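Counting from 1, position 285 in the sequence shown corresponds to residue 312 in the working numbering; the numbering is continuous, with no gaps.
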Amino acid sequence: MALPKLLNSQDLEPFLANPDRLTEQTRELQLAIANYPDTPTNLLEILVNSSDPLVAEAASHHVNWAGEITENWQQIVDTTLQTKELGQNDRLAVELLKMAPVPDYFFSEWVPSSYLTLALKNPHLPLRYRLKYLERLARESNIQSRFEVAEFRETPPEVLEILAGDVELSIRMVAQSNPSCPQKLIKLMEGQLVVAQDWNTDAEQLATLGESRWDLIRLAVAQNPATSVETLMQLAGDGVFKIQLAVAKNPETPANILAVLMENSHTQIKSAVANHPNVTEEILHKLFPIHKSVLRETDNLPASILELFFGEFATDDSIWKQRELRNLLLKQPNTPTWILAELANVDTEAAIYKIRFLVDVAKHPQVSVEILEQLSDCPHPEILRAIGQNPRSPESLRNKIAKCLRVDVGVLRSIANEPPETKNAISPAKNKTLDSSSLPPLEHYRLLLEEEQQEETARADKFILTITRERTPLTEVMKSNDSQILCGAAGSSQTPIHILEQLVQHPDATVRSALLDNKALPSNIMLKLVCDSSVSVRSKLATKDRYRQAPKTPVEFLVMLADDESEKVRELVAENPDTPVETLVKLGNDSSENVKNKLVSNPNTPVEILERLGLEEGIFDVRNANTPGNVLEKAVIKLWESKDSKSQDKLAKLLQYPVEGSQIPASILDELSHDSYSVIRSRVADHRNTSSKTLERLYKDDRFPVRIGVAQHPNTPPHVLEKMARREDPKDRNSDGITSRIAQRHDTPAAALEFLANSPKFNYRLNIHEIVAKNPNTPSTVLESLAKTESDIRTLKALTQNPNLTARTLQQLANNSNDVIRIALIERPELPSELWQKLAADENATVREAIASSSKTPINILEALALDTDTEVRRKVAANPNTPTTSLDILSQDSIAEVRIAVAANQNSNVIVLQQLAEDKKVEVRRAVAQNPNTPAPLQESLEDSLGLPYVRLPSTTLSGLSRIYNPDTDDLAILLSEYAQSDNAFVRFVTLMHPLTPVDSIMEGYQSLFWQERYAVAENPSTLREIREQLANDGNRIVRATAKANL
């Protein structure tokens, strides 16, 4: 917006006697007067208080109002502009930064540093702006950004000085090699580092060094065991991640500092806290609810945490079958004996293939004599040897083991009596230095720091090498002997085709193989690889790898590879699901048995091929759902009739995979159910094709795995489930594993559920009553009985969600003394109105809060709770999206600000309420109104101005302020800038007017603008004519005037 015709003193006369008349004038005239150099203060006072923010701002910067700027003019300019709304957004600023002078303060903190590095390549950026970018990039967490700053020749010494003490070795190396880096300060820093790393340095000296401007020095102090608690606490709050992590790893860090570090969001720090020798059980318990993955990787967990893991993750299935939980419990030295007893409760005959974990049970430091005696019945020699070598084994048991293994009992006794450190020295370790428990803690820590230093050196070398490779031109790549560089070029979709054509001829097979990782690899080049001399290249081409982001091998190439001379290549083609059926049929006649084995696993292989190979050659895959039933029947009968142990094992494995569509006939499974080998019988009980008749016979089997298979089989008749429920002995440890499965089934008869509800509970892990309480088939009389007699919280909570509850049972639960049960009722799909009213009047505020925040709460209950005496109840009603506008109107008058904030944020609040709250005395309430999406746009705009900085403006992603995007290959920059100078976007005009290549006509227009920031941009532009700058040196705006004078 250009100035109207030039003002003079006569233009001001009509307003001098009556200044209030100014408020009736147009915005243009008010701005012109606010910018006029001779405007008197009485008129400026009217304009400063204008309701128009642009007028008020312009008047506030007038030299006659605010005075001339005599010093620090650049700081004042930057402070003023960084809070000014010009229509900028991050995407727009990034686009302009490619070729125009954009100050760094126009970018939000969310802009990735990779975009900010554009400033280092922009030749039109003034030096002071460039230095600001360098300073900002030097503080970025991104290593690549700091690396670029460290090597940049224009980086000022004061920035290089900081980077020379960076925590990353690669940054330090590059910064210290920069010619601009002050060598004297580097020597000073290195001297301080020696002192900070010395474990004999006194605490006072370390406290001083702990406040160093160099990150590296503070890191060394954080790692030093001699550092005082006070300094460690200070460094725990340091802004550098590595320093916080170092405090978490320092063996002298006390529990109170670990508790502070536990609140850090970074998983690596939480892991260091969890593994710290001074960590308390209380801290570990706080970590457990949401950081279980951290604790899983922690050594030496206390028994209470392990019990939490067991209680939360153990399922109804046998604990030894849950591999992840089992491995966690067995690697921990403090696992309670009762959990080890659960792990040892295994049918060793049924678990013959997966029994090795019992060796770890037998070796565990908490294992009891009873468990060792129980395990001694297992025939597995490794388990027996572990029992015999355990120092807890009684002599009688050791003699029994020695006799069974046919070894000298003295050998077992001597191993059992060896000290732990000797055993550790004999057994292999991943890292003998760091894993050795015999080392003193501080010596162990010293070796850990040495290892970290070695890792850092290797990481820095790798990082610098990667940067070097990335910057190597493709013309140089072809001359390189570095296979990693060549492989990188081969796999890159950006590599030109003519380079790929050269690489396909490269003598190194790994380079040619890397071509197959290229998403843009042309088919003509891929065709050459079909005939490649290397089997590994052709194998990769024949492989269907779902995890490799590579082009799919065309069908015609797979057809060609099916005739490959390499058996390995043909195997891969045979199992590839993309191979056409005709080719699979052809491979059915391949001379290689291995090729046929792969072929029968392919789901696309025709059934007639599967049948022929299975019946004639005995080649089949039981996991393939298309394998014909007669093939499987023949294989089963053949193995079963052999009767030798190896055949039985093979038969058990064959039955282990009852995949969808498995064709094993029910008649064969019925015959197998009579087998003396219990593993066979358990596989039959698990198989999906097993008939009801067979299952009815197996339910009395003496082996637990067989019975549990029957209990969970969908074909088991209801009357058999009832018989099983009554037959199982509740004192048997395995009993609950069976009865729990019966209690979960929706086809279990009511009589069986009633029996289980009345059965005693012996298992400390499985709660049968809870499972019965959840079952929708449980009779209402049984549910009512449980509500009366049960005290277990889990059972009662399960009961609250059962759809069969009668009104009387619901009333009983609503009267329960435990507020957890009463709150659980709220989440029922349906609840009688009288119970809603009863719970809404609950004397416990926690119950009323839960009702107030529930999405299921009826409107009339929310209306009643809106008048509750408890502040938190009212706040939650105000925040509930279902609360009616009438109640929100009442709550908007609440004396508590938190309640009014919730009303202001609620999208149900009507415009009248929002307008009223927009004038609230609390800024937090007004801010909530501004952020409510239903607030009218004019009201939001007025609040944005009044709230100032605390109001967070959502970033725009639009580029609508640009007439077109700059293309350096086709655009004339001066012409484009003349277009940008006419943009409707004030930010685009502002940046354009600072550009040294902006045409003079645009500059002339800009210096007459009504907007002071555009005249400032002209004054700052190095190409602005001197006569224009001289006129701007007398500008009414103090910022424009100071800038023009400074640049004359």
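Even for Gly, the Cβ is constructed at its ideal location relative to N, Cα and C.
In this text the structure is predicted, and so the values were computed from the model without any measurement.
Residue i, DSSP secondary structure in three states
i: Ser882; result: coil
i: Asn621; result: helix
i: Asn1064; result: strand
i: Ser936; result: coil
i: His740; result: coil
i: His293; result: coil
i: Ala407; result: Contrary to the premise, residue 407 reads as His rather than Ala in this sequence. Coil at His407, not helix or strand.
i: His303; result: coil
i: Ser560; result: coil
i: Thr1070; result: helix
i: His701; result: coil
i: His533; result: coil
i: His151; result: coil
i: His88; result: coil
i: Gln675; result: helix
i: Met126; result: coil
i: Arg855; result: coil
i: His746; result: helix
i: Glu528; result: helix
i: Phe782; result: helix
Best match in the options for proximity to residue i [C-alpha to C-alpha]
i: Arg650; options: Ile691, Asn545, Glu334, Asn621; result: Ile691
i: Glu861; options: Asn871, Ala877, Asn842; result: Asn842
i: Gln224; options: Ala273, Asp265, Cys431, Leu187; result: Ala273
i: Trp241; options: Asp79, Lys269, Thr280; result: Lys269
i: Val373; options: Thr364, Trp365, Leu385; result: Leu385
i: Glu817; options: Asn831, Ser844, Asn545, Glu51; result: Ser844
i: Glu870; options: Ile103, Pro885, Arg855, Asp846; result: Asp846
i: Leu554; options: Asp572, Asp535, Leu527; result: Leu527
i: Ala693; options: Val600, Arg350, Leu659, Pro534; result: Leu659
i: Asn305; options: Lys159, Leu147, Pro468, Asp697; result: Pro468
i: Ala230; options: Leu322, Val221, Ala253; result: Ala253
i: Asn508; options: Ile524, Glu951, His533; result: His533
i: Ser719; options: Ser703, Leu1004, Asn742, Arg350; result: Asn742
i: Leu1117; options: Asn653, Ala652, Gly656, Leu681; result: The first residue shown for the chain is 28 and the last is 1075, placing residue 1117 beyond what the model contains.
Pairwise C-alpha distance: residue j and residue i
i: Arg245; j: Asn327; result: 30 Å
i: Glu478; j: Tyr472; result: 10 Å
i: Ala368; j: Ser239; result: 55 Å
i: Ser454; j: Val121; result: Annotation note: pLDDT 42 at Ser454 (below 50); position unreliable, coordinate value reported separately. Roughly 59 Å separates the two Cα atoms.
i: Leu966; j: Gln57; result: 24 Å
i: Gly1063; j: Trp137; result: 37 Å
i: Arg155; j: Pro130; result: 9 Å
i: Pro744; j: Met751; result: 11 Å
i: Lys32; j: Leu74; result: Confidence at Lys32 is low in this model, with a pLDDT of 49, below 50, so the placement of that residue should be treated as unreliable; the coordinate-derived value is given next. If you take the alpha carbons of Lys32 and Leu74, they lie about 20 Å apart.
i: Leu662; j: Arg754; result: Reading off the sequence shown, one finds Ala at residue 662, where the question assumed Leu. Roughly 36 Å separates the two Cα atoms.
i: Gln481; j: Thr258; result: 27 Å
i: Glu698; j: Lys430; result: 39 Å
i: Met1031; j: Met1021; result: 13 Å
Start-to-end residues for the alpha helix (DSSP H) that takes in residue i
i: Gln771; result: 762-771
i: Phe1017; result: 1013-1021
i: Asp1028; result: 1027-1034
i: Pro467; result: Element bounds for Pro467: n/a, residue is neither H nor E.
i: Ala652; result: Premise fails: Ala652 is in no alpha helix (DSSP H) and is neither H nor E.
i: Pro184; result: 184-190
i: Gln1058; result: 1053-1059
Taking contact to mean 3 or more Cβ pairs, one atom from each stretch, closer than 8 Å, check whether the stretch 772-780 and the stretch 799-816 are in contact. yes
Assess, as a yes-or-no matter, whether the stretch 1014-1021 is touched by the stretch 991-1001 under the definition of 3 or more beta carbon pairs within less than 8 Å. no
So does the stretch 887-905 actually touch the stretch 919-932, counting three or more Cβ pairs closer than 8 Å? yes
Three Cβ pairs or more, each shorter than 8 Å: is that satisfied between the stretch 1063-1072 and the stretch 85-98? Verdict: yes, contact present.
Stretch pair the stretch 662-680 + the stretch 631-640: three plus CB contacts closer than 8 Å: They do not touch, by the three-pair rule.
Check whether the stretch 536-551 and the stretch 506-514 are in contact - that is, three or more C-beta pairs closer than 8 Å. Contact holds: three or more Cβ-Cβ distances are below 8 Å.
Any 3 or more C-beta pairs closer than 8 Å across the stretch 1043-1057 and the stretch 155-172: Output reads no: the stretch 155-172 does not touch the stretch 1043-1057.
Examine the Cβ distances between the stretch 38-45 and the stretch 64-73 and report whether three or more of them are shorter than 8 Å. Flag = yes, the stretch 38-45 and the stretch 64-73 touch.
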